[in-house]
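Report on one structure; see the data block that follows.
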Amino acid sequence: MKTSEQIKNASVEPRQFSTFVVDGQLYGIDVMKVQEVTKPLAMTKMKSAPAVVRGLINLRGQIATAIDLNELFEITSDKSDEQMTIVCKSEDILISLLVDTIGDVIEVENERFEKVPITIPTTISIFMKGVYKTENGILSILCLDTILNELERKCA
């Protein structure tokens, strides 16, 4: 059984996030949800799928759904066909998030966490858990489960 001191220390331990950029903004996903980061992979297009689904990827025998975050966030910037891929796993579901560029794994202190600012457009904020203030700016944290729920809703 944990002592009260261990519980107190556990709640203030820093968190690690795999970071990436979409439309010039830095985002992160809990490093424990990320399976791997890759260059663009060959995709099988799904003509009847919503625009947010770019296709399916065969990742060494595992099938992942490729989600275009620019499309999910309803961003109309010029997208490159050379988007990078962050493969994430939640429960038994494997998804590939297509992003503009990959960042580093960064560690942030819990006391730097803040709620999602009301000035962030709803098309993006609904997928966020909150933000962290970092030395270089703001890190917006995405909720993989919310992305999966939206994907399920769009594909129903």
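Residue numbers (my numbering): 3 to 158. Heads up, the beta-carbon is just placed ideally off N, CA and C, and yes, glycines get one too.
Bounding residues of the alpha helix (DSSP H) (the contiguous stretch that carries residue i)
{"i": "E152", "result": "146-157"}
{"i": "N72", "result": "71-74"}
Chain-order list of residues whose beta-carbon lies under 8 angstroms from that of residue i (same chain, five-residue window excluded)
{"i": "L150", "result": "S92, I95, I97"}
{"i": "N11", "result": "With a pLDDT of only 47 at N11, under 50, the local geometry of the prediction cannot be trusted, and the value read off the model is given with reservation. Hits under 8 angstroms: none found."}
Among the options, the one whose alpha carbon lies nearest that of residue i
{"i": "L43", "options": "D32, A68, T136", "result": "A68"}
{"i": "I59", "options": "Y29, I77, S142, M86", "result": "M86"}
{"i": "I77", "options": "D25, G57, K156, V89", "result": "D25"}
Cβ neighbours of residue i in the same chain (closer than 7 angstroms, five flanking residues each side left out)
{"i": "E84", "result": "P42"}
{"i": "T5", "result": "Because T5 carries a pLDDT of 49, less than 50, the predicted location of this residue cannot be relied on, and the following value inherits that uncertainty. Once the five neighbours on either side are set aside, T5 has no close Cβ partner at all."}
{"i": "L100", "result": "R56, A68, I69, D70, L71, Q85, T87"}
Beta-carbon contacts of residue i that lie in its chain and below 6 angstroms, excluding the five residues immediately before and after
{"i": "I140", "result": "V133"}
{"i": "F75", "result": "T125, I126"}
Residue i versus residue j - alpha carbon distance
{"i": "K131", "j": "K35", "result": "14 angstroms"}
{"i": "K135", "j": "Q64", "result": "36 angstroms"}
{"i": "A66", "j": "V39", "result": "13 angstroms"}
{"i": "R155", "j": "R56", "result": "16 angstroms"}
{"i": "S142", "j": "R114", "result": "12 angstroms"}
{"i": "T148", "j": "F129", "result": "6 angstroms"}
Check your understanding: Of all the beta strand (DSSP E) runs that stay within the bounds of the stretch 33-119, which reach a length of 3 or more residues?
Key -> 36-40, 55-61, 64-70, 86-92, 95-101, 103-110
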